[in-house]
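Under the working numbering, the very last position in the sequence shown is 571; numbers go up by exactly one each time.
Ideal Cβ placement from N, Cα and C applies to all residues, glycine included.
Just so we're clear, the structure is a prediction, and the values are computed from it rather than from any experiment.
Read through the structure below, which is laid out as structure tokens, and then see the notes.
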Amino acid sequence: MKNSYTSQFDAKLPGINLLTHTDVYLVFYDQLNSNNFPSWVKKEKPLLLFIESLQTKKLMPFHKKKLIFKFSAMRHFALECSKLGYPVSYHSTANDFSTSLISLFESNKNWKLYYMTPNEWDFRHALNKFKSQFQNTTEYPNNFFLASVEKYAERILNGWRMEYFYREIRKQTGYLMDGDTPLGGQWNYDKENRKKLPKHITLPGVFDEEPDEITQEVIDMVDDQFSNNFGKSANFNFGVSRSHGLNALNLFLEKGLKNFGPYEDAMTTRGSVLFHSQLSTYMNVGLISPKEVCDAAIEYSEITKSIPLSSLEGFIRQIIGWREFIRIYYEAMMPAVREANYFGFDKDLPTVYWTSKTKMKCLSECVRPVIEQGYVHHIPRLMILSNFSNLTGTDPRALNEWFWLGFIDAYEWVVLPNVLGMSTFADGGILASKPYVAGGNYVNKMSDFCGNCAYSVKEKTGDNACPLNYLYWNFIDEQRETFRKNGRANFMVNTFDKKNSEEKNAIKESSEKFLANLPRLSKKDWLKKEASKS
Ligand SMILES: Cc1cc2nc3c(=O)[nH]c(=O)nc-3n(C[C@H](O)[C@H](O)[C@H](O)COP(=O)(O)OP(=O)(O)OC[C@H]3O[C@@H](n4cnc5c(N)ncnc54)[C@H](O)[C@@H]3O)c2cc1C
Ligand code: SF4
Numbered sequence: 038m039k040n041s042y043t044s045q046f047d048a049k050l051p052g053i054n055l056l057t058h059t060d061v062y063l064v065f066y067d068q069l070n071s072n073n074f075p076s077w078v079k080k081e082k083p084l085l086l087f088i089e090s091l092q093t094k095k096l097m098p099f100h101k102k103k104l105i106f107k108f109s110a111m112r113h114f115a116l117e118c119s120k121l122g123y124p125v126s127y128h129s130t131a132n133d134f135s136t137s138l139i140s141l142f143e144s145n146k147n148w149k150l151y152y153m154t155p156n157e158w159d160f161r162h163a164l165n166k167f168k169s170q171f172q173n174t175t176e177y178p179n180n181f182f183l184a185s186v187e188k189y190a191e192r193i194l195n196g197w198r199m200e201y202f203y204r205e206i207r208k209q210t211g212y213l214m215d216g217d218t219p220l221g222g223q224w225n226y227d228k229e230n231r232k233k234l235p236k237h238i239t240l241p242g243v244f245d246e247e248p249d250e251i252t253q254e255v256i257d258m259v260d261d262q263f264s265n266n267f268g269k270s271a272n273f274n275f276g277v278s279r280s281h282g283l284n285a286l287n288l289f290l291e292k293g294l295k296n297f298g299p300y301e302d303a304m305t306t307r308g309s310v311l312f313h314s315q316l317s318t319y320m321n322v323g324l325i326s327p328k329e330v331c332d333a334a335i336e337y338s339e340i341t342k343s344i345p346l347s348s349l350e351g352f353i354r355q356i357i358g359w360r361e362f363i364r365i366y367y368e369a370m371m372p373a374v375r376e377a378n379y380f381g382f383d384k385d386l387p388t389v390y391w392t393s394k395t396k397m398k399c400l401s402e403c404v405r406p407v408i409e410q411g412y413v414h415h416i417p418r419l420m421i422l423s424n425f426s427n428l429t430g431t432d433p434r435a436l437n438e439w440f441w442l443g444f445i446d447a448y449e450w451v452v453l454p455n456v457l458g459m460s461t462f463a464d465g466g467i468l469a470s471k472p473y474v475a476g477g478n479y480v481n482k483m484s485d486f487c488g489n490c491a492y493s494v495k496e497k498t499g500d501n502a503c504p505l506n507y508l509y510w511n512f513i514d515e516q517r518e519t520f521r522k523n524g525r526a527n528f529m530v531n532t533f534d535k536k537n538s539e540e541k542n543a544i545k546e547s548s549e550k551f552l553a554n555l556p557r558l559s560k561k562d563w564l565k566k567e568a569s570k571s
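Written as structure tokens, this is what we have:
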């Protein structure tokens, strides 16, 4: 089925006769790499089937740039496969994925379906439904990750921590190993990292790819059909093909990796990327693989001898440690974890998450790039956006939905564990050992936000004080049982208890006033508001 926004694309894709095919290999939006196809698919080149379902707008108002990226990357990959000699059938449809797949197979009774297990739970569900109707279906295990779910899922369920998992994967892959011991003698060099960004340091430019006619057609489609969705489509500059992903990797190796470690946790008003790679966008749809990213980083560092071990190790850990760990957690914890809400918070999202409008500089600086680009790096996600949500008693499931719809690299397998496991402690401590909360001191130490803020980071309570200061202590007091259970965090409760009653009352009073006046807006009401504008 064609829509009016595929003419450039259709003109480049050779026509095929569907009736002449029997074997059909389904390519998902996050499996865009022909290196990962099963070997017989590579050899025999069966019909490749792509389903671009536009029904997503009814489910989630995904960021416009995320939709542009996803659909354009699918279209570019379909064309690339066609050039490699695969017959390609690409369906851009207003129906949902499941209905489209079933209807295609109902019209082509001789087709047999082959596919690789999708990463996201809902698609597995859709395929199980399909399989119950069409038994002539073959599923292959997903090969886009490095670590085995079977080997590690149960240990993660029992509270096994990432650091130990990471050491096993280092041994499995041989990355940064000297025989059986870690290169340099330590597994982790984070003590040398976590520096504030010096004023004089120049930030590298971010990856910037001009949209071609295929991407422009998708931009027009998204602007027209998804105009009420979250985020801005203007200035779309992400890559959309494997070669763009590899260019982004090279740019990062040349300009970012050296300073990745020291400034990994820094935040600044000067930009939202700093020395981060932005490679999650490409890795999460399969355009580039975690293995080739790690291999390239290690090779670059060996050849140039210009990369400190603390930066290289820190970067490799994010990929073979955190990324793999998070994925196994998803496999182990689904689907019950979708409802996780350890603290029982039930408040809607603060309105600022939809608008970026607030007097709090840290929040406005971190929401604005999400609206514009669907991206901020890890620390704003964790220590600003999630922290504020925790401190204001916001429902973690609402936050999870916001991250899922708002970020260019968000897919359920990766966003859910990061939000409900890591950043909000909604799973009660299976992934993280304590809730991630912080006051203004942390933000002031790691960023240049506070100097430009309407609130005073030095003041602890009152109308002029940094809200994070009193909200932090209020949270520690209200959730004291959780902190008490954790040896490492117990000191926070003790510190609060040592405050005199005047201070404690002022903390309570400021918090109650701030929370009572905090504007909030659910996704449903935000959607209604957006719809009423058009
Ligand atoms: C609340 C919250 C939500 C998040 N949501 C997502 C998400 O939707 N999609 C996503 O890919 N990552 C998510 N992350 C993890 C991490 O923040 C992003 O992977 C990272 O910021 C992506 O930017 P980058 O490519 O510049 O990363 P870099 O800092 O350059 O790191 C390199 C790579 O390491 C991997 N990585 C690092 N940390 C993690 C992690 N915790 N989980 C998974 N991969 C990791 C990513 O693939 C990333 O590309 C989230 C983290 C938090 C705290
Ligand atoms: S003073 Fe407080 S609210 Fe303002 S930027 Fe700093 S941490 Fe954020």
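(message) What I want to know is whether the C-beta of alanine 447 ends up closer than 7 Å to one or more non-hydrogen atoms of ligand 1.
(response) Alanine 447 Cβ: within cutoff of ligand 1.
(request) Name the one or two DSSP bridge partners that glycine 465 has. (result) Residue pairing by DSSP places glycine 465 in no beta bridge whatsoever.
(request) To the nearest angstrom, report how far apart arginine 375 and serine 559 are at their CA atoms. (result) Roughly 18 Å separates the two Cα atoms.
(request) With hydrogens ignored, establish whether the beta-carbon of isoleucine 363 is closer than 7 Å to any heavy atom of ligand 1. (result) It does: the Cβ of isoleucine 363 is within 7 Å (strictly closer) of some heavy atom of ligand 1.
(request) Would you mind reading off the limits of the beta strand (DSSP E) that contains lysine 536? (result) Element bounds for lysine 536: n/a, residue is neither H nor E.
(request) Would you kindly check if the distance between the Cβ of isoleucine 206 and the Cβ of alanine 184 is under 8 Å? (result) Taking 8 Å as the Cβ cut-off, alanine 184 and isoleucine 206 qualify as a contacting pair.
(message) Using 8 Å for Cβ pairs, my map puts leucine 50 next to serine 119. What's the rounded Cβ distance?
(response) Right, their Cβ atoms sit about 6 Å apart.
(message) On the DSSP letters alone, give me the boundaries of the alpha helix (DSSP H) that valine 259 sits inside.
(response) Under the DSSP assignment, valine 259 falls in the alpha helix (DSSP H) whose first and last residues are 250 to 262.
(request) Have a look at asparagine 554 and threonine 429 and give me their C-alpha separation to the nearest angstrom. (result) If I take the Cα positions, the gap works out to 11 Å.
(request) Check the C-beta distance from leucine 508 over to phenylalanine 551 and give it rounded, since I have them as a contact under 8 Å. (result) Correct: roughly 7 Å between the Cβ atoms.
(message) Is the separation between the beta-carbon of lysine 561 and that of phenylalanine 486 shorter than 8 Å?
(response) No, Cβ-Cβ distance for lysine 561 and phenylalanine 486 is not below 8 Å.
(request) Name all residues in chain order for which at least one heavy atom of ligand 2 lies closer than 6 Å to the residue's CB. (result) Checking every Cβ against the heavy atoms of ligand 2 under 6 Å gives Met397, Lys398, Cys399, Gly477, Val480, Asn481, Phe486, Cys487, Cys490, Tyr492, Val494, Cys503, Pro504, Leu505.
(request) Go ahead and pull the three-state DSSP assignment for lysine 149. (result) Strand.
(request) Output the residue ranges of the alpha helix (DSSP H) runs that lie fully inside the segment 383 to 454 and measure 4 residues or longer, sorted by chain position. (result) For the segment 383 to 454, whole alpha helix (DSSP H) runs of length 4 or above, ordered along the chain, are 389 to 392, 398 to 410, 424 to 428, 433 to 443, 449 to 453.
(request) Report the option in Asn527, Tyr448, Gly524, Ala469 whose CA atom is closest to the CA atom of glycine 458. (result) For the residues Asn527, Tyr448, Gly524, Ala469, the minimum Cα distance to glycine 458 belongs to Ala469.
(message) Taking 6 Å as the limit between beta carbons, can you name the residues of its chain near aspartate 60, skipping five residues before and five after?
(response) Correct list, in chain order: Pro83, Lys149.
(message) Using only CA atoms, which one of Asn156, Phe99, Glu81, Lys101 lies nearest to glycine 122?
(response) When each option's Cα is compared against that of glycine 122, the closest is Glu81.
(message) Quick check: what's the CA-CA separation for alanine 131 versus phenylalanine 425?
(response) For alanine 131 and phenylalanine 425, the distance between alpha carbons rounds to 37 Å.
(message) I need the boundaries of the beta strand (DSSP E) containing leucine 564, first residue and last residue.
(response) In the DSSP assignment, leucine 564 falls outside any beta strand (DSSP E) and within the unbroken alpha helix (DSSP H) covering 560 to 570.
(request) Look at the alpha carbon of lysine 232 and the alpha carbon of methionine 483, and state the distance between them as a whole number of angstroms. (result) Using only the alpha carbons, I get a separation of about 7 Å.
(request) Could you check the C-alpha separation between proline 454 and asparagine 195 for me, to the nearest Å? (result) When rounded, the separation of the alpha-carbon atoms in proline 454 and asparagine 195 is 15 Å.
(request) Grab the span of the beta strand (DSSP E) containing isoleucine 353 for me, first residue to last. (result) If you look at isoleucine 353, you'll find it isn't in any beta strand (DSSP E); it sits in the alpha helix (DSSP H) that goes 346 to 353.
(request) Give the single residue among Trp563, Glu449, Ile544, Ile340 whose Cα lies nearest to the Cα of tyrosine 496. (result) Note that residue 496 is glutamate in the sequence shown here, rather than tyrosine. Among Trp563, Glu449, Ile544, Ile340, the Cα nearest to that of glutamate 496 is on Ile544.
(request) From the DSSP output, in three-state form, read off serine 278 for me. (result) In the displayed model, serine 278 falls within coil according to three-state DSSP, outside both helix and strand.
(request) Examine chain D for any beta-carbon lying closer than 8 Å to the beta-carbon of isoleucine 53, and answer yes or no. (result) Of the chains in the structure shown, none is chain D; there is only one protein chain.
(request) For serine 185, name the three-state secondary structure that DSSP assigns. (result) Coil at serine 185, not helix or strand.
(request) Work out the CA separation of alanine 373 and glutamate 515 for me, nearest whole Å. (result) Their Cα atoms are separated by approximately 26 Å.
(request) Give every residue of the same chain whose Cβ lies closer than 6 Å to the Cβ of isoleucine 344, excluding the five residues on either side of it in the sequence, and list them in chain order. (result) A distance below 6 Å between beta-carbons, with the five flanking residues on each side excluded, links isoleucine 344 to the following residues of its chain, in chain order: Leu294, Lys295, Ser338.
(message) Rounded to whole angstroms, what is the Cα-Cα separation between phenylalanine 114 and glutamate 301?
(response) C-alpha separation (whole angstroms): 32 Å.
(request) Confirm, please, whether the CB-CB distance from leucine 311 to leucine 386 is below 8 Å. (result) With contacts defined by Cβ atoms closer than 8 Å, leucine 386 and leucine 311 do not form a contacting pair.
(request) Report the residue from Phe202, Lys102, Phe74 whose alpha carbon sits nearest the alpha carbon of phenylalanine 362. (result) Answer by Cα proximity: Phe202.
(message) For alanine 377 and asparagine 147, I'd like the C-alpha separation in whole angstroms.
(response) Near 44 Å, if we compare the C-alpha coordinates of asparagine 147 and alanine 377.
(request) Can you grab the Cα-Cα spacing for the pair proline 327 / tryptophan 359, in whole Å? (result) In a straight line, the C-alpha of proline 327 is about 12 Å away from that of tryptophan 359.
(request) Hey, could you find the ends of the alpha helix (DSSP H) histidine 113 is sitting in? (result) It spans 101 to 120 - the alpha helix (DSSP H) in which histidine 113 sits, taken as one unbroken run.
(message) If I follow the unbroken alpha helix (DSSP H) through phenylalanine 167, where does it start and stop?
(response) Phenylalanine 167 -> alpha helix (DSSP H) spans 158 to 170.
(request) Reducing DSSP to helix, strand and coil, say where isoleucine 88 ends up. (result) Note: isoleucine 88 maps to strand in three-state DSSP.
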